[in-house]
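Asker: Oh and the sequence shown: position 330 is 342 in this note's numbering, straight run, nothing missing.
Quick one: this structure, given as structure tokens, is what I'll be asking you about.
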Amino acid sequence: MIPQRRQLLLKLLKLFDLANLIFCFFLGALIVDLPLEKVSFARFLSMRVKIQNVMLFGSILLIWHTIFSRFGLYHSKRLSTYRSDAVDIIKATSVGTLAIFVMATLFNIRMANINFLAVLWAVCCVNAVLSRLMLRYVLKRFRVRGRNLRKMLIIGTNYRAVRFATGIEAKPELGYRLAGFVDNDWSGLEEFQNTGYPLVANLAEFPAFLRNHIIDEVVICLPIKSCYQQASQIVSLCEEQGIISRFLSDIFNLKLARLKSEPFEDSRMVTLYTGNMEGQSVVIKQGLDFIISLSLIICLSPLFLLIALLIKASSPGPVLFIQERLGLNKRRFRMFKFRTMIPDAEQKLPELEHLNEAGGPVFKIRNDPRITTFGRFLRKTSLDELPQFINVLLGDMSLVGPRPLPLRDYAGFDQDWHRRRFSVRPGMTCLWQISGRNNVSFEKWMELDIQYIDQWSLWSDFKILARTIPAVLKGAGAA
Numbered sequence: 013m014i015p016q017r018r019q020l021l022l023k024l025l026k027l028f029d030l031a032n033l034i035f036c037f038f039l040g041a042l043i044v045d046l047p048l049e050k051v052s053f054a055r056f057l058s059m060r061v062k063i064q065n066v067m068l069f070g071s072i073l074l075i076w077h078t079i080f081s082r083f084g085l086y087h088s089k090r091l092s093t094y095r096s097d098a099v100d101i102i103k104a105t106s107v108g109t110l111a112i113f114v115m116a117t118l119f120n121i122r123m124a125n126i127n128f129l130a131v132l133w134a135v136c137c138v139n140a141v142l143s144r145l146m147l148r149y150v151l152k153r154f155r156v157r158g159r160n161l162r163k164m165l166i167i168g169t170n171y172r173a174v175r176f177a178t179g180i181e182a183k184p185e186l187g188y189r190l191a192g193f194v195d196n197d198w199s200g201l202e203e204f205q206n207t208g209y210p211l212v213a214n215l216a217e218f219p220a221f222l223r224n225h226i227i228d229e230v231v232i233c234l235p236i237k238s239c240y241q242q243a244s245q246i247v248s249l250c251e252e253q254g255i256i257s258r259f260l261s262d263i264f265n266l267k268l269a270r271l272k273s274e275p276f277e278d279s280r281m282v283t284l285y286t287g288n289m290e291g292q293s294v295v296i297k298q299g300l301d302f303i304i305s306l307s308l309i310i311c312l313s314p315l316f317l318l319i320a321l322l323i324k325a326s327s328p329g330p331v332l333f334i335q336e337r338l339g340l341n342k343r344r345f346r347m348f349k350f351r352t353m354i355p356d357a358e359q360k361l362p363e364l365e366h367l368n369e370a371g372g373p374v375f376k377i378r379n380d381p382r383i384t385t386f387g388r389f390l391r392k393t394s395l396d397e398l399p400q401f402i403n404v405l406l407g408d409m410s411l412v413g414p415r416p417l418p419l420r421d422y423a424g425f426d427q428d429w430h431r432r433r434f435s436v437r438p439g440m441t442c443l444w445q446i447s448g449r450n451n452v453s454f455e456k457w458m459e460l461d462i463q464y465i466d467q468w469s470l471w472s473d474f475k476i477l478a479r480t481i482p483a484v485l486k487g488a489g490a491a
């Protein structure tokens, strides 16, 4: 399932939960508190709604939504059971009903008596559980058909590892695809090879394999007592690059990653993840990305057309420059920019490598001879970046996030902690853009990206967006 559809689905689910609460309010009132025979239809239409009541009911809806979010009802539930989902819903509904009881006591809401709250709780629980069951069924159908998949790499080739892989493959509705197994040579390896599962690397080759392949999750099934050192290094490497790791025992000394436990079959999976990008705030971030990018594409379409005409008039070649970049977890995507160079600029790059003025693996020279006259203006004003709103709309990028790098630059990375920048969706602007861009060293650039990931919040995104506008107007660090 593509990100936009997933976000739309989450929004519909949230709206359903709020609509369900409103429905249960009216149902409870009809059943236990409102004598319909005494209220004529004309009188019902003539009733006036007080602003205080509207504000109070709005507060109840907000509290209800917050409680449901805090209980993780809008998080991915791939490995959870129907029972655990139902328990979470009942807990959230119970806390929400208790919150309504407290507000009814504080604000003297007479209709919220015990009978009313009992009906509210019961109907909300039933409707919410049924909606989740239906949603899980629909998502399973999507995953069985090859949509919304995650790549999983299993470390270890023992019986536990094979049993786990078998369990995952037996449930295609979970949406996982095995990338293979990693292990050293040992006495049971021949027996593992008879299973037909692919052994893609040994433990020494694992770091290189992780760097060069799309991996969303790593599951460690090594014998902990005899392979603690190797398992610890694997977890550190995943932690460093921002890749989810799972294992069956909580034994590691973590520096950055946080831990949560999830049920699977008769075991519990422990998940490690870095950064703050999870939960309700991420949903809001992606929703804003979609709405803002779509609005700006529509509003700026005359400017898009004007720039396209000027590019065509000033130099031969296409209007757009399209280049493969690395996105979330090193997934490749085609990034759009207005063309600012001569058509064969990519082919001429090797001739200019010796003039590179940037540190690290990136390539930058101030007076690049490949840039056209109009292209220099576009770069100075950052107007060449406008087509990336299309990438944001498609879900490949975000408005705010680490800049997506070309494949050439990534090939020059020599520090694994740099690769953690790929654990989040790349963006059009970030701390690097508002801190001087090309005037900032590569090492400092990477540090700013990691700082953004570790300290992320919606408020920090708003601040970066606000500071981006004056930085663009000044043309600070643009090349």
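Quick reminder that beta carbons are idealized off the backbone N, C-alpha and C, glycines included.
1) Can you tell me where the alpha helix (DSSP H) holding Lys-89 begins and where it ends?
2) In this structure, does DSSP put Gln-335 in helix, strand or coil?
3) Given 8 Å as the limit, is there contact between the segment 367 to 382 and the segment 460 to 471, that is, 3 or more CB pairs closer than that?
4) Mark Ala-478 as exposed unless 16 or more other C-beta atoms lie within 10 angstroms of its C-beta, in which case mark it buried.
5) Shortest alpha-carbon distance to Leu-22 belongs to which of Glu-202, Lys-297, Leu-211 and Leu-284?
6) Count Cβ pairs between the segment 87 to 99 and the segment 107 to 120 that sit closer than 8 Å; are there 3 or more?
7) Are the CB atoms of Ile-246 and Val-231 nearer to each other than 8 Å?
8) Using the beta-carbon count (16 or more within 10 Å), is Phe-474 buried or exposed?
9) Where does the unbroken alpha helix (DSSP H) through Glu-455 begin, and where does it stop?
10) For the segment 425 to 440 and the segment 324 to 339, state whether three or more C-beta atom pairs, one from each stretch, are separated by less than 8 Å.
11) Please name the residue in Arg-382, Phe-154 and Phe-316 whose C-alpha comes closest to that of Arg-162.
12) Ordered along the chain, which non-local residues of its own chain (more than five positions away) have a Cβ less than 8 Å from that of Ser-77?
13) On the criterion of 16 or more Cβ atoms from any shown chain inside 10 Å, does Ala-315 qualify as buried, or is it exposed?
14) For Thr-283 and Asn-125, what's the separation of their Cα atoms in angstroms?
15) Spatial neighbours of Phe-401 within its chain, please: C-beta separation below 6 Å, excluding the five flanking residues on both sides.
16) Identify the residues that DSSP records as bridge partners of Pro-418: which are they?
17) Measuring straight from C-alpha to C-alpha, what distance separates Pro-414 and Ala-130?
18) In its own chain, which residues sit with a C-beta less than 6 Å from the C-beta of Ile-354, not counting the 5 before and 5 after it?
19) Would a C-beta distance cut-off of 8 Å place Asp-195 and Leu-211 closer than the cut-off?
20) Quick check: the Cα distance between Gly-254 and Ile-462, rounded to an integer number of angstroms?
21) Could you give the DSSP three-state label for Asn-451: helix, strand or coil?
22) Quick check: what's the CA-CA separation for Leu-332 versus Arg-346?
23) Going by beta carbon distance, what residues of the same chain come within less than 8 Å of Thr-207, once the five residues before and after it are set aside?
24) Nearest to Glu-363 by alpha carbon, out of Arg-351, Phe-128 and Asp-380?
25) How would you write the range of the alpha helix (DSSP H) that Met-347 sits in, first residue to last?
26) Measure how close the beta-carbons of Phe-204 and Thr-169 come, nearest whole angstrom, since I'm counting them as under 8 Å.
27) Decide if Ala-243 is buried, meaning its Cβ has at least 16 other Cβ atoms within 10 Å, or exposed.
28) Taking C-beta to C-beta, are Met-409 and His-430 nearer than 8 Å?
29) Under three-state DSSP, which class holds Glu-229?
30) Rounded C-beta distance between Ile-476 and Val-412? I'm assuming under 8 Å.
31) Apply the 10 Å Cβ neighbour rule to Met-146 and answer buried if 16 or more other Cβ atoms are within range, or exposed otherwise.
32) Please name the residue, chosen from Val-135, Ser-199, Asn-127 and Ile-72, that lies closest to Leu-118 on a Cα-to-Cα basis.
33) Roughly how many angstroms lie between the CA atoms of Asn-450 and Asp-396, to the nearest whole one?
34) Give me, in chain order, the residues of the same chain whose beta-carbon lies closer than 7 Å to that of Ala-519; leave out the 5 immediate sequence neighbours on both sides.
35) Over what stretch of residues does the alpha helix (DSSP H) that includes Ile-246 continue unbroken?
36) Would you mind working out which of Arg-223, Thr-480, Lys-183 and Gly-192 sits nearest Asp-428, comparing C-alpha positions?
Answerer: For this structure:
1) Taken as a continuous stretch (DSSP letters only), Lys-89 belongs to no alpha helix (DSSP H), as it is neither H nor E.
2) Three-state result, Gln-335: strand.
3) Output reads no: the segment 460 to 471 does not touch the segment 367 to 382.
4) Exposed.
5) When only C-alpha atoms are compared, the closest one is Lys-297.
6) The segment 87 to 99, when compared against the segment 107 to 120, does not touch it at the 8 Å Cβ threshold.
7) Taking C-beta atoms as the reference points, Ile-246 and Val-231 fail to come closer than 8 Å.
8) When all chains shown are included, Phe-474 counts as exposed.
9) Counting along the chain, Glu-455 sits inside the alpha helix (DSSP H) bounded by residues 454 to 466.
10) Yes, the segment 425 to 440 touches the segment 324 to 339.
11) For the options Arg-382, Phe-154 and Phe-316, the alpha carbon positioned closest to that of Arg-162 is the one of Phe-154.
12) Note that residue 77 is His in the sequence shown, not Ser. Take His-77, set aside five residues on each side of it, and the residues of its chain with a beta-carbon closer than 8 Å to its own are Lys-26, Asp-29 and Leu-30, in chain order.
13) Looking at the sequence shown, residue 315 is not Ala but Leu. So Leu-315 ends up on the exposed side.
14) Going by the C-alpha atoms only, they are around 42 Å apart.
15) Within the same chain, Phe-401 has close Cβ partners Ser-305, Leu-308 and Ile-309.
16) Beta bridge pairing from DSSP links Pro-418 with Arg-337.
17) When rounded, the separation of the alpha-carbon atoms in Pro-414 and Ala-130 is 49 Å.
18) Counting only residues of its own chain and dropping the five nearest sequence neighbours on each side, Ile-354 has a CB closer than 6 Å to the CB of Arg-382.
19) Yes, they are a contact pair.
20) If you take the alpha carbons of Gly-254 and Ile-462, they lie about 10 Å apart.
21) Asn-451: helix per DSSP, three-state reduction.
22) A direct Cα-to-Cα measurement between Leu-332 and Arg-346 gives close to 11 Å.
23) Correct list, in chain order: Val-174.
24) Relative to Glu-363, the option among Arg-351, Phe-128 and Asp-380 whose CA is nearest is Asp-380.
25) Met-347: not part of any alpha helix (DSSP H); member of the beta strand (DSSP E) spanning 344 to 350, first to last residue.
26) Right, the Cβ-Cβ distance comes to about 4 Å (below 8 Å), so this counts as a contact.
27) So Ala-243 ends up on the buried side.
28) Cβ distance not < 8 Å, so Met-409 and His-430 don't count as in contact.
29) Shown here, Glu-229 sits in a strand according to DSSP, grouped into three states.
30) Yes, they are in contact, since the Cβ atoms of Ile-476 and Val-412 sit about 5 Å apart, within 8 Å.
31) Exposed, since its Cβ has fewer than 16 Cβ neighbours within 10 Å.
32) Residue Ile-72 is the option with its Cα nearest to Leu-118.
33) Put simply, the backbone Cα of Asn-450 is about 16 Å away from that of Asp-396.
34) With the chain covering 13 to 491 only, the question about residue 519 has no answer from this structure.
35) Per DSSP, Ile-246 belongs to the alpha helix (DSSP H) from 240 to 253.
36) Relative to Asp-428, the option among Arg-223, Thr-480, Lys-183 and Gly-192 whose CA is nearest is Arg-223.
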